[in-house]
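Q: Chains as they are written, first to last, in this note's numbering: chain A, 144 to 368; chain B, 144 to 368. The C-beta atom is built at its ideal place from N, Cα and C for all residues, glycine as well. Sharing a structure, written as structure tokens. Questions coming.
Number of protein chains: 2
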Amino acid sequence: MPHTRAETLKFKNITVADLAFPKRDGGYSKGHRTREQILHAALVILVAEGYAAMTMRRVATACDMKLGNLTYHFPTREDLVRELLNAVITAYEIEFDKFLHLPGVSPEEKLAEICGLILEDIRTEKTTRVFPELWALSNHDEFVLERVQDLYARARAPLMQVIREIRPDLSPQAVADLALFISASMEGLTIFAGNKKPFEPRMPQLETIAIQSFVETVRGYGQED
Amino acid sequence: MPHTRAETLKFKNITVADLAFPKRDGGYSKGHRTREQILHAALVILVAEGYAAMTMRRVATACDMKLGNLTYHFPTREDLVRELLNAVITAYEIEFDKFLHLPGVSPEEKLAEICGLILEDIRTEKTTRVFPELWALSNHDEFVLERVQDLYARARAPLMQVIREIRPDLSPQAVADLALFISASMEGLTIFAGNKKPFEPRMPQLETIAIQSFVETVRGYGQED
DNA sequence: ACGAAACCTTGTCATGTGTCCTAATTATTT
DNA sequence: AAATAATTAGGACACATGACAAGGTTTCGT
Numbered sequence: 144m145p146h147t148r149a150e151t152l153k154f155k156n157i158t159v160a161d162l163a164f165p166k167r168d169g170g171y172s173k174g175h176r177t178r179e180q181i182l183h184a185a186l187v188i189l190v191a192e193g194y195a196a197m198t199m200r201r202v203a204t205a206c207d208m209k210l211g212n213l214t215y216h217f218p219t220r221e222d223l224v225r226e227l228l229n230a231v232i233t234a235y236e237i238e239f240d241k242f243l244h245l246p247g248v249s250p251e252e253k254l255a256e257i258c259g260l261i262l263e264d265i266r267t268e269k270t271t272r273v274f275p276e277l278w279a280l281s282n283h284d285e286f287v288l289e290r291v292q293d294l295y296a297r298a299r300a301p302l303m304q305v306i307r308e309i310r311p312d313l314s315p316q317a318v319a320d321l322a323l324f325i326s327a328s329m330e331g332l333t334i335f336a337g338n339k340k341p342f343e344p345r346m347p348q349l350e351t352i353a354i355q356s357f358v359e360t361v362r363g364y365g366q367e368d
Numbered sequence: 144m145p146h147t148r149a150e151t152l153k154f155k156n157i158t159v160a161d162l163a164f165p166k167r168d169g170g171y172s173k174g175h176r177t178r179e180q181i182l183h184a185a186l187v188i189l190v191a192e193g194y195a196a197m198t199m200r201r202v203a204t205a206c207d208m209k210l211g212n213l214t215y216h217f218p219t220r221e222d223l224v225r226e227l228l229n230a231v232i233t234a235y236e237i238e239f240d241k242f243l244h245l246p247g248v249s250p251e252e253k254l255a256e257i258c259g260l261i262l263e264d265i266r267t268e269k270t271t272r273v274f275p276e277l278w279a280l281s282n283h284d285e286f287v288l289e290r291v292q293d294l295y296a297r298a299r300a301p302l303m304q305v306i307r308e309i310r311p312d313l314s315p316q317a318v319a320d321l322a323l324f325i326s327a328s329m330e331g332l333t334i335f336a337g338n339k340k341p342f343e344p345r346m347p348q349l350e351t352i353a354i355q356s357f358v359e360t361v362r363g364y365g366q367e368d
């Protein structure tokens with residue numbers, strides 16, 4: 144008899160496996176649930192102990208499953224890693240896309256909300272620690288690199304939209320640059336946030352600073368002081 | 144006959160091994176040079192292929208050296224990793240400390256110079272890619288985490304000094320928060336910079352935006368708009 | 001109920017890993 | 001030049017890893 148089923152890992156109520164293997168009519172197949180379980184376990188290990196610790200055997204035992212069965216679902220470790228990252232990244236992308244259709248609040252509020260998502264909301268998930276791993280992996284794996292760049296490109300879309308609303312006078316290039324700067328900035332904040340120590344207790348203040356800073360940066364771009 | 148000696152890896156004219164193993168009176172010992180060579184090779188592999196690829200054998204062969212000899216100088220892999228990161232981090236720390244005794248230029252110029260160091264100068268070294276690895280490792284290794292936090296604490300010192308000069312009215316806590324924000328922000332920029340694609344060609348513009356943004360953030364902190 | 005497809009177990013293989021040990025060789029000191 | 005210490009070579013060990021194969025078991029459509 145298997146252990147109690149591992150709780151389904153969710154990002155914003157989207158399960159990892161939903162993304163990797165969309166459900167078919169009539170519910171989930173057995174294999175679907177197994178893959179979901181595998182991806183969940185793999186992510187937990189990746190986040191908690193790093194990529195090196197995420198071995199096939201380690202994942203298999205975490206799933207109460209034999210190694211051979213794991214390789215049945217994910218023939219190679221690379222398959223597992225890529226499918227996992229793909230699922231995680233897609234979950235975030237879906238979230239970012241929501242900001243493209245926000246209700247009619249002021250652009251400043253929108254900007255604040257986007258920052259809020261990344262700095263506060265994402266931060267509270269234990270998954271923040273995926274990102275350092277992602278960056279490290281992306282330096283040596285073309286596939287991961289491209290997928291990560293997709294992710295950040297997608298994250299910049301709502302940013303650019305907001306920036307255009309605040310500063311309709313700016314050139315597309317200027318808008319892109321500002322979005323690039325802000326997204327990179329936020330990424331730094333989230334990476335720091337993962338490493339707690341001096342950062343965590345000051346998070347609310349830093350979020351305030353960040354939002355104010357980004358708004359002012361957009362407003363003041365290209366102006367004299 | 145050994146291959147041509149690997150060029151000594153330097154950060155700002157400080158060799159890696161100088162930091163890990165300060166030279167004794169009367170010049171370098173043979174072991175000193177060997178360790179320098181080892182650390183160099185290890186760093187090159189770490190940066191180019193990631194932590195997983197940095198195996199003892201890989202490092203040894205990169206040094207034209209037998210495995211046993213490598214373990215003579217660095218008994219365990221952990222020793223090697225830690226000593227390497229320690230050396231790299233120390234090199235950056237030394238650089239940061241220089242900003243504590245800068246000539247009497249305006250605070251804004253100082254801030255610009257600090258940003259310049261991190262965004263432009265450091266970026267051009269191939270070593271930028273150490274940082275993603277550092278962040279990933281720090282999530283699972285207490286030693287690395289502490290050392291990394293040391294580094295960023297050290298990097299914040301000159302930042303805080305500049306912020307105090309610009310805004311003598313701010314509380315120590317506010318100064319610390321601003322420094323925390325700016326350093327995290329810059330870290331994000333350097334991490335992005337390592338991954339080239341959309342970032343690299345816009346680097347000069349982004350540096351301008353960053354510096355202006357940081358100055359304005361410090362100036363405008365706590366004010367009404 | 002039956003047969004095919006999906007799923008899972010068990011066991012094995014070659015390879016790569018970190019660490020250790022002993023003896024030879026080289027540097028350094030006396 | 002002799003003695004001592006530092007370095008290097010060479011080999012071996014136990015262990016973990018990713019991948020694979022052949023055979024059972026369950027699930028599911030018909």
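According to a CB-to-CB cut-off of less than 9 Å, which residues of the stretch 188-210 of chain A neighbour chain B?
A: Of all residues in the stretch 188-210 of chain A, V190, A191, E192, G193, Y194, A195 and A196 have a Cβ within less than 9 Å of some Cβ in chain B.
Q: So does the stretch 278-286 of chain A actually touch the stretch 339-347 of chain A, counting three or more Cβ pairs closer than 8 Å?
A: Output reads no: the stretch 339-347 of chain A does not touch the stretch 278-286 of chain A.
Q: Please go through the stretch 313-340 of chain B and give each complete beta strand (DSSP E) segment of 3 or more residues, from N-terminal end onward.
A: None, since the stretch 313-340 of chain B contains no complete beta strand (DSSP E) of that length.
Q: Would you call the stretch 225-236 of chain B in contact with the stretch 303-312 of chain A, where contact means no fewer than 3 C-beta pairs closer than 8 Å?
A: Verdict: no, contact absent.
Q: What residues of chain A sit near A353(B), judged by a beta carbon separation below 7 Å?
A: Residue numbering aside, residue 353(B) sits at position 210 when the second sequence is read from its first letter. Here the neighbours are F324.
Q: For Q355(A), does the count of other Cβ atoms within 10 angstroms reach 16, so buried, or fall short, so exposed?
A: Counting from 1 along the first sequence, the entry for residue 355(A) is found at position 212. Buried, by the Cβ-count rule.
Q: Could you give the C-beta distance for L262(B) and V305(B), rounded to a whole number, given that I count them as a contact under 8 Å?
A: On the second sequence, position 119 is the one that residue 262(B) refers to. On the second sequence, position 162 is the one that residue 305(B) refers to. Contact doesn't hold; Cβ gap of about 15 Å is too wide.
Q: Do A230(A) and V202(A) come within 9 Å of each other at the CB atom, strictly closer than that value?
A: The sequence position of residue 202(A) within the first sequence is 59, counting from 1. The sequence position of residue 230(A) within the first sequence is 87, counting from 1. Cβ distance not < 9 Å, so V202(A) and A230(A) don't count as in contact.
Q: Less than 8 Å between the CB atoms is what I'm expecting for M199(A) and T177(A), so what's the real figure, rounded?
A: As a working mapping, residue 199(A) is identified with position 56 in the first sequence. As a working mapping, residue 177(A) is identified with position 34 in the first sequence. The Cβ separation is near 15 Å, so there is no contact.
Q: From D284(B) to G365(A), what distance separates their C-alpha atoms?
A: Taking the second sequence and counting its residues from 1, one reaches residue 284(B) at position 141. Taking the first sequence and counting its residues from 1, one reaches residue 365(A) at position 222. If you take the alpha carbons of D284(B) and G365(A), they lie about 44 Å apart.
Q: For a cutoff of 9 Å on Cβ pairs, would you count F342(B) as touching chain A?
A: Position 199 of the second sequence holds residue 342(B). Yes, F342(B) counts as interfacial toward chain A.
Q: So which residues on chain A does M329(B) lean against when the C-beta distance must stay under 8 Å?
A: Start at 1 with the first residue of the second sequence, and residue 329(B) comes out as number 186. What M329(B) touches in chain A: G331.
Q: Would the stretch 297-304 of chain A and the stretch 314-328 of chain B be scored as touching if the rule is three or more Cβ pairs under 8 Å?
A: Contact between the stretch 297-304 of chain A and the stretch 314-328 of chain B is absent, because fewer than three Cβ pairs lie under 8 Å.
Q: To which residues of the same chain is A205(A) closer than 6 Å at the C-beta, ignoring the five residues directly before and after it?
A: Looking up residue 205(A) in the first sequence gives position 62. A184, listed in sequence order.
Q: Checking contacts by CB at 9 Å: is V231(B) closer than that to chain A?
A: Looking up residue 231(B) in the second sequence gives position 88. V231(B) does not count as touching chain A.
Q: Quick one: what does DSSP say V248(A) is sitting in, helix, strand or coil?
A: Looking up residue 248(A) in the first sequence gives position 105. Coil, per DSSP.
Q: Which one of R362(A), Q348(A) and V361(A) has the shortest CA to CA distance from G259(A)?
A: On the first sequence, residue 259(A) is found 116 positions in, with the first residue counted as 1. Minimum Cα distance to G259(A) is reached at Q348(A).
Q: Does F286(B) get closer than 9 Å to chain A when you measure Cβ to Cβ?
A: On the second sequence, residue 286(B) is found 143 positions in, with the first residue counted as 1. So, not an interface residue.
Q: Taking DSSP as the reference, what is the three-state secondary structure of H283(B)?
A: Here residue 283(B) refers to the residue found at position 140 when the second sequence is read from its first residue. Looking at H283(B) - three-state DSSP - the assignment turns out to be coil, as it is neither helix nor strand.
Q: Going by Cα to Cα distance, which pick from P250(A), N282(A) and R272(A) is closest to N282(B)?
A: In the second sequence, residue 282(B) corresponds to position 139, counting from 1. Checking every option, the nearest Cα to that of N282(B) belongs to R272(A).
Q: Here's a check: name, in chain order, each residue in its chain whose Cβ is nearer than 8 Å to the Cβ of H216(A), leaving out the five neighbours to either side.
A: Taking the first residue of the first sequence as 1, we reach residue 216(A) at position 73. Counting only Cβ-Cβ distances below 8 Å, and skipping sequence neighbours, we find G174, T177, R178 and I181.
Q: Does H244(A) come within less than 9 Å of chain B when only Cβ atoms are used?
A: On the first sequence, residue 244(A) is found 101 positions in, with the first residue counted as 1. Cβ-Cβ to chain B under 9 Å: no for H244(A).
Q: Within the same chain, show all residues whose beta-carbon is closer than 7 Å to that of M303(B), passing over the 5 residues directly before and after it, in chain order.
A: The residue labelled residue 303(B) in the question sits at position 160 within the second sequence. Cβ within range, chain order: V318, A319 and A322.
Q: Excluding the 5 residues flanking A336(A) on each side, which residues of the same chain have their C-beta closer than 8 Å to its C-beta?
A: Residue 336(A) sits at position 193 when you count from the first residue of the first sequence. Excluding positions up to five away in sequence, the list reads L262, R266, T271, F342, E343 and M346.
Q: Within 9 Å of any Cβ in chain A, is that where the Cβ of R130(B) sits?
A: The structure shown does not extend to residue 130(B), since chain B spans only 144 to 368, so no value can be given for it.
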